[in-house]
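Notes for the one structure printed next.
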Amino acid sequence: MAELVGLAEGIAALVHDGDTVSLEGFTHLIPVAAGHEIIRQRRRDLTLARMTPDIVYDQMIGAGCARRLIFAWGGNPGVGSLHRLRDAVENDWPAPLEIEEHSHAGMANRYTAGASGLPFAVLRGYTGTDLVRHTSSLATVTCPFTGEVLTAVPALNPDVAVIHAQRADRKGNVQLWGLAGVQKEAVLAAKRCLVTVEEIVEELDARPNAVVLPSWVITAVAVVPGGAKPSYAQGYYDRDNLYYRRWDAISRDRDTFTGWLADELGS
Amino acid sequence: MNWEAEEIMTVAAARALAGRVACFVGIGLPSTAANLARRLHAPELVLIYESGAIGAKPSKLPLSIGDGELAETADAVVSVPEIFNYWLQPGRIDVGFLSAAQVDRFGNLNTTVIGDDYRRPSVRLPGAGGAPEIAASCREVILIVRQSRRSFVERLDFVTSVGHGSGPGDRARLGLRGKGPVMVITDLGVLEPDPQTCELTLTSVHPGVDPETARRQTGWPLAIAAQVAVTPQPTAQELELLRDLVKRSEV
Numbered sequence: 001m002a003e004l005v006g007l008a009e010g011i012a013a014l015v016h017d018g019d020t021v022s023l024e025g026f027t028h029l030i031p032v033a034a035g036h037e038i039i040r041q042r043r044r045d046l047t048l049a050r051m052t053p054d055i056v057y058d059q060m061i062g063a064g065c066a067r068r069l070i071f072a073w074g075g076n077p078g079v080g081s082l083h084r085l086r087d088a089v090e091n092d093w094p095a096p097l098e099i100e101e102h103s104h105a106g107m108a109n110r111y112t113a114g115a116s117g118l119p120f121a122v123l124r125g126y127t128g129t130d131l132v133r134h135t136s137s138l139a140t141v142t143c144p145f146t147g148e149v150l151t152a153v154p155a156l157n158p159d160v161a162v163i164h165a166q167r168a169d170r171k172g173n174v175q176l177w178g179l180a181g182v183q184k185e186a187v188l189a190a191k192r193c194l195v196t197v198e199e200i201v202e203e204l205d206a207r208p209n210a211v212v213l214p215s216w217v218i219t220a221v222a223v224v225p226g227g228a229k230p231s232y233a234q235g236y237y238d239r240d241n242l243y244y245r246r247w248d249a250i251s252r253d254r255d256t257f258t259g260w261l262a263d264e265l266g267s
Numbered sequence: 268m269n270w271e272a273e274e275i276m277t278v279a280a281a282r283a284l285a286g287r288v289a290c291f292v293g294i295g296l297p298s299t300a301a302n303l304a305r306r307l308h309a310p311e312l313v314l315i316y317e318s319g320a321i322g323a324k325p326s327k328l329p330l331s332i333g334d335g336e337l338a339e340t341a342d343a344v345v346s347v348p349e350i351f352n353y354w355l356q357p358g359r360i361d362v363g364f365l366s367a368a369q370v371d372r373f374g375n376l377n378t379t380v381i382g383d384d385y386r387r388p389s390v391r392l393p394g395a396g397g398a399p400e401i402a403a404s405c406r407e408v409i410l411i412v413r414q415s416r417r418s419f420v421e422r423l424d425f426v427t428s429v430g431h432g433s434g435p436g437d438r439a440r441l442g443l444r445g446k447g448p449v450m451v452i453t454d455l456g457v458l459e460p461d462p463q464t465c466e467l468t469l470t471s472v473h474p475g476v477d478p479e480t481a482r483r484q485t486g487w488p489l490a491i492a493a494q495v496a497v498t499p500q501p502t503a504q505e506l507e508l509l510r511d512l513v514k515r516s517e518v
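Structural data, given as structure tokens:
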């Protein structure tokens, strides 16, 4: 059963140096506050996995938390580059960053295999691209029924998944809705998971298209209102698009970034 | 009405969506054009965003691929594994609409790195995202890319998404089931793959653009069709709706 914890306590208990960590969220419900807590607690040598690393991964990479990144698309959506990610890949600042690069379809299937307890997933993808030459976690597999050669990607089973959801009940059953990304798969694929929520409610009433993750598949739940900002939580607050634009200026320069890190996160 | 090169590019791209049912939309220029098409001649066009929104009807341009309004206005919202596995992969979607940092003469795309060394690039770009499978599995692909020698290159620094590979028959050999790029719309004109060689050929120019200008802005010896058409001028309605859409989308 999920334990109700404080955010700092949850991160301290669940996220360890050297872990493979997935903070998932596809534009919506990004667990930003949890990422900031990982920075505050100065975790190091993490392998960060995510389909769409955005500004919270930029911040974690710039703060020196990551040794390796597994991803499909690393940008500031609609704005441009992630400058801290670029600085790490192009100039090893603040530390070298290994990358393992996939497509969205590949990452989604890696989590699906992980959640399904299978060693790999099969898809039509990657053929003819240079990803095949540079990403070692790609192979082909021959269909035993038709003989067709398909692409295989290995299961992704993070040590920890961290997601943000709209709400949970007192027992720790979690409910989220709207664009649900790959969070269900990430949670079910991970060995441990922490869910931050906007609020605890007495009763989870039915919601269209809601994903419910029962308490018994979740390690810990922490109440963090606004924990997805500057991304959004449908039904609670909107995406702060202006902040995404502002991040471009903050992150472009190392000194401005380190100033931000000291001011905002005391790190 | 006067117009900018960027505007006629977007208008031409919106017009190219006439008669389509469903369009898998990348963010940026493709999203602008697809949303303009919905306001003009294709109100029923189903916009599909990789964030899982099927049939999104945003009132303004989303900044990201997953802005709240996409989910709120969608016919259906599905998970990311589902959008790729159930909707894109089987070839249900008519047209994929993509952009890129680099394109080559066969419509292959690079959105990964600039520079010779993948591990130590001069510019690290965002990466593949949904593009490789959109390019592989949509029935047709339309590209929208600003034309210059930096973007229209002899050789890609990285093949992120396959267009026509190295020429005729390559897509079939690779097992890519969609037709691949059928049109590249730029700020100078429109290129289409030659039916025999698959090589992108300039088939029309925007008003006031000389085909030689397009050739100068291309990093390979650009093939020019025997008859080069001229894009019809943007209408007042097209420009007004486009400008309104851009204005109301300002952050």
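Order-wise, the sequence lines are chains C and V.
Note that the numbering used here has the first sequence beginning at 1, numbered continuously upward.
Note that the numbering used here has the second sequence beginning at 268, numbered continuously upward.
Ideal Cβ placement from N, Cα and C applies to all residues, glycine included.
The structure displayed is predicted, hence computed values, not measured ones.
query, result
"For C/Leu-4, which residues does DSSP report across the bridge?", "C/Val-221"
"Going by C-alpha distance, which of C/Cys-65, C/Ser-81 and C/Arg-245 is nearest C/Thr-52?", "C/Ser-81"
"Does the Cβ-Cβ distance between C/Leu-23 and C/Arg-43 come in under 8 Å?", "no"
"Could you tell me the alpha carbon to alpha carbon distance between C/Ala-72 and C/Ser-103, rounded to whole angstroms?", "5 Å"
"Tell me the start and end of each unbroken beta strand (DSSP E) in the stretch 141-175 of chain C that is at least 3 residues and wholly inside, in chain order.", "149-154 and 160-169"
"Check whether the stretch 77-96 of chain C and the stretch 361-370 of chain V are in contact - that is, three or more C-beta pairs closer than 8 Å.", "no"
"Mind listing which residues of the stretch 160-181 of chain C have their C-beta closer than 9 Å to chain V's C-betas, in chain order?", "Trp-177, Gly-178, Leu-179, Ala-180 and Gly-181"
"To the nearest angstrom, how far is it from the Cα of C/Pro-158 to the Cα of C/Ser-136?", "18 Å"
"Using a Cβ distance threshold of 8 Å, determine whether the stretch 204-222 of chain C contacts the stretch 5-19 of chain C, with at least three qualifying pairs required.", "yes"
"Straight-line CA distance for V/Glu-479 to V/Arg-422?", "21 Å"
"In terms of residues, what are the limits of the beta strand (DSSP E) holding V/Tyr-316?", "313-316"
"Mind listing which residues of the stretch 109-136 of chain C have their C-beta closer than 8 Å to chain V's C-betas, in chain order?", "Asn-109, Tyr-111, Thr-112, Leu-123, Arg-124, Gly-125, Tyr-126, Thr-127, Gly-128, Thr-129, Asp-130, Leu-131 and His-134"
"Taking only beta carbons into account, state which residues of the stretch 378-407 of chain V come closer than 7 Å to chain C, listed in chain order.", "Tyr-385, Pro-388, Arg-391, Pro-393, Gly-394, Ala-395, Gly-396, Gly-397, Pro-399, Glu-400, Ala-403 and Ser-404"
"Applying a beta-carbon distance threshold of less than 8 Å, which residues of chain V neighbour C/Glu-90?", "Arg-387, Pro-388, Ser-389, Val-390 and Arg-391"
"May I ask you to report which of helix, strand or coil DSSP gives C/Met-107?", "helix"
"When the distance is taken between beta carbons, is V/Leu-303 closer than 8 Å to V/Leu-508?", "yes"
"Could you tell me whether the stretch 287-294 of chain V touches the stretch 392-401 of chain V, using the rule of 3 or more Cβ pairs below 8 Å?", "yes"
"Leaving aside the five residues before and after V/Thr-453 along the sequence, list all residues of the same chain whose C-beta is less than 7 Å from its C-beta, in chain order.", "Met-276, Val-412, Arg-413 and Gln-414"
"Under three-state DSSP, which class holds C/His-36?", "helix"
"Taking Cβ positions only, does V/Pro-348 come closer than 8 Å to chain C?", "yes"
"Mapping DSSP to helix, strand and coil, what is V/Pro-499?", "coil"
"Do C/Gly-269 and C/Leu-85 have their CB atoms nearer than 8 Å?", "Past the edges of chain C, shown from 1 to 267, lies residue 269 of chain C, and the structure says nothing about it."
"Please report whether the beta-carbon of V/Leu-512 lies at a distance below 8 Å from any beta-carbon of chain C.", "no"
"Under 8 Å between C-beta atoms, does V/Ser-428 make it to chain C?", "yes"
"Which term fits C/Trp-216, buried or exposed, when burial requires 16 or more other beta carbons within 10 angstroms of its beta carbon?", "exposed"
"Who are C/Asn-76's beta bridge partners in DSSP?", "C/Gly-80"
"Of the residues that make up the stretch 311-336 of chain V, which ones have a beta carbon closer than 8 Å to any beta carbon in chain C?", "Glu-317, Ser-318, Gly-319, Ala-320, Pro-329, Leu-330, Ser-331, Ile-332, Gly-333, Asp-334 and Gly-335"
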